[in-house]
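Read through the structure below, which is laid out as structure tokens, and then see the notes.
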Amino acid sequence: MCGIVGYLGEKKATPILVEGLSKLEYRGYDSSGIAVVEDGEIKIEKCRGRLSNLKDKVAGKEYAGSIGIGHTRWATHGEPSDVNSHPHSNEDETIAVVHNGIIENYIVLREWLISEGYKFVSETDTEVIPHLVDYYFDGNLEDAVIKATKRMEGSYALGVVAKNDPGKIVAVRKDSPLVIGVGEDGKESFIASDIPAVLNMTRDVYLLEDKEFVVMTKDGITIYDENKNKVEKQIFHVTWDIDAAEKGGYDHFMLKEIYEQPKAIKDTLTSRVVKGEKIKLDGIHLTKEQIENFDRVYIIACGTAYHSGVVGKYVIERLAKIPVEIDVASEFRYRNPLITDRTLMICISQSGETADTLAALRLAKEEGARIIAITNVVGSSISREADDVFYTWAGPEIAVASTKAYITMLIALYIIALYMAEAKHTVRETEIEKIKDGLLNLSEKTAEILNDVDTIKSFVDHLYSKNDVYYLGRGLDYAVAMEGSLKLKEISYIHSEAYAGGELKHGTIALIEEGTSVIALATQSELYDKQISNIREVKTRGANVLGIAMEGQTEIEKTVDQTIYIPKVMSILAPVLSVIPLQILAYYTAVQKGCDVDKPRNLAKSVTVE
Ligand code: M6R
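Once you know that position 444 of the sequence shown is 444 in full-length UniProt numbering, the rest is easy, because the numbers rise by one and skip nothing.
Structure follows, in structure tokens:
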């Protein structure tokens with residue numbers, strides 16, 4: 001995820017900016033850059049790749065400027081490249097901007113600015129900002145930034161400098177974090193997207209609210225609201241150590257990423273799903289005729305991504321009415337799959353680098369299939385080799401155990417299914433609108449679950465000492481059971497298996513005895529009664545059962561030992577919510593067992609060997 005730093009003071013800005021950026025490396029990034037104001041000029045240095053590349057670039061240049069802004073970019077709009085890196089500037093480099101967030105209306109703004117004579121060089125949404133500021137600039141930087149932000153929709157944290165209003169940094173935030181560091185004697189000030197970037201310079205910060213503007217000069221820091229009224233703020237003194245702060249105060253990245261899910265859902269839906277409008281997918285270029293021509297879809301993925309694909313099969317078949325086969329990528333190539341030019345392959349991979357998924361993609365491409373990639377990493381191998389790409393805007397996932405990437409893969413699959421259904425008219429418009437509404441409410445409902453995790457945590461005492469756990473579900477609940485089971489085993493090392501509720505009695509039920517732990521999902525209203533019967537089968541054999549159901553489905557309480565309720569949603573969308581208690585359960589079980597949650601044994605985040 002992108003990171004911002006800024007410095008204004010009496011020291012040389014470059015080393016302070018580079019050091020600040022190094023403290024943000026943990027967030028994940030694929031390029032970095034700085035802009036330093038010196039001798040009435042703005043010097044911009046930026047490049048793709050690790051921060052060491054930037055360090056090499058600035059080494060020996062000895063910039064003496066003591067005002068500057070810096071950025072680590074995690075690509076969303078446009079591949080990781082030198083030109084797409086921040087800072088971005090206007091044509092004559094008199095204004096430079098670093099930006100975190102997404103400008104949702106950048107296409108409209110870009111077209112308008114082009115019609116006004118502005119020239120663009122990058123593929124980013126950010127580049128509209130320096131041009132907009134340029135458009136409104138008449139000698140006062142903050143006034144121009146205020147006017148520019150009034151035209152911008154979406155989320156942003158900005159740091160802006162201008163050659164023709166020197167001695168100043170202007171910063172502003174909306175829906176993207178930004179803090180202002182107050183240096184010693186009021187002689188220096190900092191901006192940062194995240195406290196660690198400034199923690200070795202100062203522990204005194206202002207925490208900005210949305211739409212607050214900051215003007216930093218050598219005379220001090222002034223904070224304004226969007227109408228340029230002065231705002232008085234209390235200084236917040238940071239007492240955490242740097243390690244905790246990098247995880248945003250969470251004990252582990254996994255927990256942080258679980259709590260980032262409401263935002264990740266929102267970002268993935270942004271500008272793609274809008275009430276009353278057709279789905280818009282700027283990375284997918286299929287015509288109605290091409291969609292109608294597909295006679296089969298293969299979904300190919302590994303691990304957690306595969307589990308999202310199991311949900312995808314159900315959703316695409318139900319909405320787009322195309323037969324879908326789902327395969328573990330490592331198996332796909334060796335079963336002589338039937339591929340023609342009427343085949344659509346959807347490859348799902350958080351990293352976009354998984355070797356087996358990439359190999360399956362290449363085989364299908366050779367045989368003439370059309371390939372859509374769903375991935376979280378812009379410019380990854382899978383995104384480059386696919387015909388079309390759907391980026392999940394989950395932000396970098398650092399914990400090995402995938403959580404927010406899984407949830408956004410589900411969102412991607414719903415959106416693609418609706419996109420095909422709209423093209424093929426396979427579902428009534430009212431039904432499509434209902435699902436879109438449901439999708440747009442998911443972020444809030446996810447946050448509701450995360451606000452109250454006590455019941456979930458209370459089951460951990462029962463679970464953490466077990467050797468085996470069984471997860472049961474029917475329909476979409478079975479798909480989620482698989483993911484819940486994987487989450488538990490990979491981080492807590494407890495053996496677990498997921499079964500379709502009706503399948504257990506064909507063998508595995510022999511393992512159920514007094515005290516066996518079972519986690520049973522029952523969120524699917526049309527399968528509810530059948531699943532309750534399956535739960536009864538294990539309960540009567542002595543199992544201790546945790547049930548997961550939707551609010552209002554209270555009948556389950558008569559059969560299970562404990563119940564967790566998820567907020568009410570359409571059955572088809574339930575996987576996005578029902579997986580969250582399972583992630584939390586796995587997390588706290590692993591913590592209680594003292595496991596290395598973020599780096600479980602034998603596992604790697606990205607599996608680039610077959
Ligand atoms: O990067 P990918 O999504 O292609 O990775 C696939 C699997 O290795 C991955 O989902 C793995 O199963 C997870 N780390 C499990 O949490």
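Ideal Cβ positions, reconstructed from N, Cα and C, are used throughout, including at glycine.
Closer than 7 Å: residue i CB and nearest the ligand M6R heavy atom
i	result
residue 268	no
residue 607	yes
residue 531	no
residue 78	no
residue 589	no
residue 47	no
residue 126	no
residue 186	no
residue 408	no
residue 484	no
residue 302	yes
residue 22	no
residue 350	yes
residue 579	no
residue 400	yes
residue 497	no
Proximity winner among the options, relative to residue i (alpha-carbon distances)
i	options	result
residue 543	359, 301, 69 and 462	462
residue 132	95, 211 and 183	95
residue 413	390, 146 and 497	390
residue 405	465, 538, 266 and 496	266
residue 196	77, 316 and 25	25
residue 136	90, 103 and 545	90
residue 474	499, 494 and 403	499
residue 36	53, 17 and 445	17
residue 454	408, 564, 435 and 407	564
residue 237	151, 182, 505 and 282	182
residue 536	502, 160 and 328	502
residue 547	264, 588, 456 and 235	456
residue 354	374, 341 and 337	374
residue 76	68, 117 and 104	104
residue 551	468, 571, 538 and 539	571
residue 302	322, 332 and 512	332
residue 272	439, 207, 356 and 125	439
residue 5	161, 337, 562 and 478	161
residue 110	40, 152 and 101	152
residue 214	204, 201, 233 and 202	233
Test item: CB-CB of residue i and residue j under 8 Å
i	j	result
residue 300	residue 312	no
residue 8	residue 155	no
residue 483	residue 579	yes
residue 65	residue 98	no
residue 170	residue 142	yes
residue 108	residue 145	no
residue 472	residue 521	yes
residue 220	residue 167	no
residue 20	residue 198	yes
residue 574	residue 531	no
residue 399	residue 253	yes
residue 261	residue 305	no
residue 519	residue 590	no
residue 22	residue 48	no
residue 364	residue 343	yes
residue 371	residue 409	no
residue 34	residue 68	yes
Under the three-state DSSP convention, the category residue i falls into
i	result
residue 394	coil
residue 290	helix
residue 441	helix
residue 611	There is no way to answer for residue 611, as the model of the chain reaches only from 1 to 610.
residue 229	coil
residue 38	strand
residue 474	coil
residue 425	coil
residue 349	strand
residue 29	coil
residue 151	helix
residue 104	coil
residue 583	helix
residue 539	helix
residue 216	strand
residue 62	coil
residue 158	strand
residue 375	strand
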